[in-house]
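Novice: In the order they appear, the protein sequences are chains C and X. If you count the first sequence from 1, position 294 lands on 294 in my numbering, and the numbers rise without skipping. Count along the second sequence from 1, add 615, and you get the number used in my numbering.
Protein chains: 2
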Amino acid sequence: MPRIIFLPEKKSVQIGAEATLLDAARGAGIPINSSCGGKQKCGKCVVLIKEGIEGLPAPGPEEAALLFKKGWGPSHRLACATKVSCDLVVEAPDKGLGKERILTKAQLPFKPKKIKPVIETYRVEVPLPSLSCQADDQTRLNTALKDAFGLKGLEADPFVLRDLPKAIRRESGKVAVLVRDKGEIIKLLPGSASPPFGAAIDLGTTTVVCYLLDLKSGEELFTSSSINPQIKFGEDIISRISYCVQKPWTGLKELQKEVVDCINRLLEQVTTKIGASPGEAVEMVVVGNTAMHHLFLGLDPQHLSLAPYVPVVSDALNVKARELGINISGSAYVHLPPLKAGFLGSDAIAGLIATGLYRMKSPTLLIDLGTNGELVLGNRDKLMGCSTAAGPAFEGGHITWGMRAAPGAIERVRLESSGVTLETIGGRKPAGICGSGLISAAAELLRLGLLLPKGNFNDSSGHPNFRKGAEGIEFLISPAPDNAVGRDIVITQKDISELQMAKAAIWAGAKVLSEITGLSPRRVLLAGAGGRFIDPEDARTIGLFPFDEQTEIRPVGNAAGRGAALLLVDRGYRKRAMKMAKKMDYFELSGSRAFQDFFVQGMFFTGATDYSADF
Amino acid sequence: MPRIIFLPEKKSVQIGAEATLLDAARGAGIPINSSCGGKQKCGKCVVLIKEGIEGLPAPGPEEAALLFKKGWGPSHRLACATKVSCDLVVEAPDKGLGKERILTKAQLPFKPKKIKPVIETYRVEVPLPSLSCQADDQTRLNTALKDAFGLKGLEADPFVLRDLPKAIRRESGKVAVLVRDKGEIIKLLPGSASPPFGAAIDLGTTTVVCYLLDLKSGEELFTSSSINPQIKFGEDIISRISYCVQKPWTGLKELQKEVVDCINRLLEQVTTKIGASPGEAVEMVVVGNTAMHHLFLGLDPQHLSLAPYVPVVSDALNVKARELGINISGSAYVHLPPLKAGFLGSDAIAGLIATGLYRMKSPTLLIDLGTNGELVLGNRDKLMGCSTAAGPAFEGGHITWGMRAAPGAIERVRLESSGVTLETIGGRKPAGICGSGLISAAAELLRLGLLLPKGNFNDSSGHPNFRKGAEGIEFLISPAPDNAVGRDIVITQKDISELQMAKAAIWAGAKVLSEITGLSPRRVLLAGAGGRFIDPEDARTIGLFPFDEQTEIRPVGNAAGRGAALLLVDRGYRKRAMKMAKKMDYFELSGSRAFQDFFVQGMFFTGATDYSADF
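1) Compute the Euclidean distance between the alpha carbons of X:L827 and X:S690, then round it to the nearest angstrom.
2) Identify each residue in the region 280 to 313 of chain C for which the Cβ-Cβ distance to at least one residue of chain X is less than 8 Å, and report them in chain order.
3) Taking the beta carbon of C:Q138 as the centre, do at least 16 other beta carbons fall within 10 Å, making it buried, or is it exposed?
4) What are the partner residues of C:I489, as DSSP defines its beta bridges?
5) Grab me the residues of X:E735's own chain with a C-beta within less than 6 Å of its C-beta, minus the 5 sequence neighbours each way, in chain order.
6) Drop a sphere of 10 angstroms on the beta-carbon of X:M616, count the other beta-carbons inside from all chains shown, and report buried for 16 or more, exposed for fewer.
7) One question on the structure: do X:C701 and X:G670 come within less than 8 Å of each other, judged by their Cβ atoms?
8) Mind listing the chain C neighbours of X:D752? Cutoff is C-beta to C-beta under 8 Å, in chain order.
9) Would you identify the three-state DSSP class for X:L1063, choosing helix, strand or coil?
10) Comparing alpha-carbon positions, which option in C:I439, C:V124, C:L445 lies nearest C:F149?
11) Any beta carbon from chain C within less than 8 Å of X:P1170's own beta carbon?
12) Give a yes or no on whether the C-beta atoms belonging to C:L357 and C:T364 are separated by under 8 Å.
13) So, for X:F1094: in the same chain, excluding its five sequence neighbours on each side, which residues have a beta-carbon less than 6 Å away from its beta-carbon?
14) For X:P923, which beta-bridge partners are listed by DSSP?
15) Are the region 396 to 413 of chain C and the region 428 to 446 of chain C touching, with three or more C-beta to C-beta distances below 8 Å?
16) Suppose only complete runs of 4+ residues qualify. What are the alpha helix (DSSP H) ranges in the region 840 to 919 of chain X, listed by chain order?
17) Taking Cβ positions only, does C:D610 come closer than 8 Å to chain X?
18) Between the region 1161 to 1168 of chain X and the region 1187 to 1194 of chain X, can you find at least three pairs of beta-carbon atoms closer than 8 Å?
19) Residue range of the alpha helix (DSSP H) that C:T541 falls in?
20) Exposed or buried, C:T290, counting other C-beta atoms within 10 Å across all chains shown (16 or more means buried)?
21) Counting only C-beta atoms, is X:V991 closer than 8 Å to chain B at any point?
22) Note down, in chain order, all residues in the region 1196 to 1212 of chain X with a beta-carbon under 8 Å from any beta-carbon belonging to chain C.
23) Does the Cβ of X:D1163 have 16 or more other Cβ atoms within 10 Å, making it buried, or fewer, making it exposed?
24) Of all the options C:V512, C:V270, C:P129, C:D535, which has the alpha carbon lying nearest to the alpha carbon of C:D597?
25) Whole angstroms is fine: what's the gap from C:V600's alpha carbon to C:F343's?
26) What do you reckon, are the CB atoms on X:E1203 and C:Q134 nearer than 8 Å?
27) When DSSP labels each residue in this structure, what does X:I645 get in the three-state scheme?
28) Among X:I647, X:G768, X:E633, which residue has its Cα nearest to the Cα of X:E624?
29) Since X:A673 meets chain C, which of its residues come closer than 8 Å, beta carbon to beta carbon?
30) If you run the structure through DSSP and keep just helix, strand and coil, what is C:S331?
31) Comparing alpha-carbon positions, which option in C:K146, C:D585, C:A24 lies nearest C:C386?
32) How long is the line joining the alpha carbons of X:M1218 and X:E1089, rounded to whole angstroms?
33) Buried or exposed: where does C:K273 fall if 16 or more other Cβ atoms within 10 Å of its Cβ makes it buried?
34) X:M616 by DSSP, collapsed to three states: which one?
35) Considering only C-alpha positions, which residue in the set C:A167, C:A28, C:K114 is nearest to C:V126?
36) To which residues of the same chain is C:K105 closer than 7 Å at the C-beta, ignoring the five residues directly before and after it?
Below, the structure is given as structure tokens:
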């Protein structure tokens, strides 16, 4: 007897082959709505077949017509119409399915005011041909679109043409036509289809985030994220590039496949949540640093790691998703916004879009803190970017008790007479220190005179938490009994040195940009997962930036992801991004004498001081 | 021990795994040139690995560099450098390989005077990047192309971008850039690469012909043809469409795969002949009737067989070859010229291009005789087409001893006092009668009064070849002892009726076009394999056309193939074809009262008479 497993409950039931999926669901105690009583009329019992669909016969004409009319995909079936002929894994409809879409708590704190949609839906009625009007299907469709909406010269690729004859002969010729950028028909849907959706991908070296958005309203529908599975080939960009160089025929393909599979899995997750399938998404935007961009497209990344660090391509690209193995709709595109340089990627461009820096009057500095620090300084008149190798300290790397900004990471340290007070992510028992925790600790030690501006511990202060460890003096943050790791969590002199190197890189980069442009920023925007948790006061105390107290420091969260979402839904932003990337200047820090001078000065834990250097 | 088979000789040799392919060739007595003495310097020992390449390691750097420099493909190896580590099938270099290309005796009797090439080769030198000029690879390439040739805004798809970093870093940046239609870079080759080539395909219901052409000179390099393997799904279009309708999920895919595989096989044949591989071809044109066009593209053909017979699409299309499974170069296109109607395909448009009818001053009628007769009447001022179901008689179908125009087919019949004189294709012993032979026989019988204008045999004439057969009176053409089939070859009264139906369809179609346009053609051009062998005098005698003796009848051979070749090499012709297809009128004969009247009149075996009919 076939076995049916219902998700997400994972309830399993065996049932005779003549039973329907609706019978099976009832047998398993899964509530499935069926207001028409199993007559294939209401469509409320629609389910998503997760596994085993190849064993089912094709849907009958009534079922197929209903599935099509409702805009469901090829993996959907009506539970009342589906005979259980083989083992299946089935996702039963949740609250959202078949009704309105679930809106998660917005992880993207934005909603564009007025959208110029990239994908627009035009509903027309295409007349049937006759012996006196023998115009072909495409011509009749285009004529209808021209007459009703003034659209001209629309193209359609063979995959759309393959759907065309059926699509315009159902529902008496009523059809919803999805047009991209006013130029290409990318999908034909039943006349009553709901607004289209698409996905914005923030492709980070460490984390991949997938935002599902309504392309008409710009509203966020669902979000999912995952570790970038390329991590098995190396944690940082350089080791992944080395892997490609070492395995010239296959390495790049392996890396590309990992990230494509990962995006497809995230797509499956977010679309399932709204009762849809990945094939129903009709547009995607992918932003990332230049190495991630190249690896995603299968472009040779090796020259990114060698001076003069040039990319293969910088311009925005539109690639059919099927060419990349991305499982969105057959003729849909993946849009890749422009990038600026080998180490200033489309994530930085997306960040500029999200923050609106390019239209600000006051000079502003946008920084994405990470292993590679990306900096852009400017305003509506000019923009200059640079990139600086900060090393992994801001991400918790190379730190004795360092960890990523994950639950249990110490993100804030305060010393009081009663002892050390810690805040951890998620309020869990301490498991390590993330980048913002390290900055917080250093700032607090500086404030209390326990750390000196040159970076050496002031152990002569006699503070009881100083002690001698295996590698010299260290400062106890969390004793073994209080934390999750069962050993003392400390900060070592070496950890402080790592932080000094990282902050010097940022400090010097910001200083160079400021000197060259002659702009003194009124505010610094801290972007990236790292930036979100840094206390502006702590940043100021350690002298992260070469600016005085007048300069506001403001964390802005995941600006790249937010920018990707804006670029997904709005074609105005796409044009803006292209213009901006062209107009912006880029200053190469490697080999710059001024940068080297500033770097040395930036090692000091001090606020703004007036330095000068040779350019 | 591995076994090596050398083609085309099919010589087989076994040899130890440390030996090279050059050793193996010598062992098998295959002469392979190697003027550098096996030092991987001269490249003369290049071979094409037909099978087993997956078992060979990648070429070493010296070998790879030489293969790349000479412009050879991924299936080529140097015999001197290739260790025999597994079973292989190898094509040894023939006279043409590695030298100049073999020019076959031209099967396309044309050579365009002045070409506006679709694919142009631009040779540039791309500077290496530096810290002071960090422009990306694509920008530096585009700048070089703009500076040297004024080319602007060139695009390149990700497949070209994947080759870009390597291509512009070899040969000190010297690269040959293949640009399509002045808009898109489709391939990067070494600076010294020879002119590009491409393939024109005449995709007939029965026969597929592949012409390989030099895209710079327009010269024909090689030709190959094959039976259309779709024939296993039915000899005619209608039965193939029925197959798609009966198997809605897979039928169309099966038919598409057959024809794609067939084209790939032909490509392999023609490119091997010039010592190249299919992946080196950089453009393809496919012409055919509308059903073949749709089946090739995977477009649902079912509405072509139902009134009002509308195609899915008529406009010219450019589709990346890889999207169709065609094995030409990764980013190359297949161009599909426009078509006019469900039964007036791009083959007819190609025929107009080849004959130049659209720029003639005198009214001219172009006819492609086949199961479906395609007719276009006009001149430089106007054009009107129609299509008429002639049935299979012109292709030897439904005829007692009918056969295709293949070796052994009777194509000319003369009655003399001494008896019947026959001419057969290839001068072989008679095996049957093809369309032109049937026309020739009918004409001769009419001239001698043995066949009457109404279509009945004049057996009262007492000619000794008349006799009573199983289905009434028949006329002996070739007695059993004289022919290849060992039975008497005859023409029956039924055969004559079939011919009458076929000719009436053509006669009536031509008459309708002439009446509607008010044009009386000065010449009739007979195209298609059928048309090539028809004797104009015979055509006149049976009254194939409703025109008087002033109208010249001229066979023009395979106009569709010739047109496809012109459309392959010249972008001017492509524009012309698109304009023409739009401008041309089409008259639908089905349901036309005038056509029905003329059809009845056209059954008579008489020359031009002045008839009239209601429109």
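Where a beta carbon is used, it is the ideal one built from N, C-alpha and C, also for glycine.
Specialist: If we stick to the structure as given:
1) 19 Å
2) L297, G298, L299, D300, Q302, H303, A307, P308, Y309, V310, P311, V312, V313
3) So C:Q138 counts as buried.
4) C:S478
5) The residues are V794.
6) exposed
7) Judged by their CB atoms, X:C701 and X:G670 are nearer to each other than the 8 Å cut-off.
8) H303, V310, P311, V312, V313
9) Coil at X:L1063, not helix or strand.
10) C:V124
11) No - not a single Cβ of chain C is within 8 Å of the one on X:P1170.
12) yes
13) This sequence places Pro at residue 1094 of chain X; Phe is not what is there. If the five residues before and after X:P1094 are omitted, its C-beta is found closer than 6 Å to the C-beta atoms of D1103, all from its own chain and listed in chain order.
14) In DSSP, X:P923 forms no bridge with anything.
15) yes
16) 852 to 861, 866 to 888, 905 to 912
17) Confidence at C:D610 is low in this model, with a pLDDT of 42, below 50, so its placement is unreliable and no value can be given for it.
18) no
19) 536 to 542
20) buried
21) Given the protein chain composition of this structure (C and X), no chain B is represented.
22) Y1201, E1203, S1205, G1206
23) Its Cβ having fewer than 16 others within 10 Å, X:D1163 is exposed.
24) C:V512
25) 22 Å
26) yes
27) coil
28) Relative to the Cα of X:E624, the nearest Cα in the group X:I647, X:G768, X:E633 belongs to X:I647.
29) Those are W249, listed as they occur along chain C.
30) C:S331 falls in the coil class under three-state DSSP.
31) C:D585
32) Here the alpha carbons of X:E1089 and X:M1218 stand approximately 20 Å from one another.
33) buried
34) coil
35) C:A167
36) Residue placement at C:K105 is flagged as unreliable, the pLDDT there being 32, under the threshold of 50; the coordinate-derived value follows with that caveat. If we look at C:K105 and ignore the five residues flanking it on each side, it has no Cβ neighbours.
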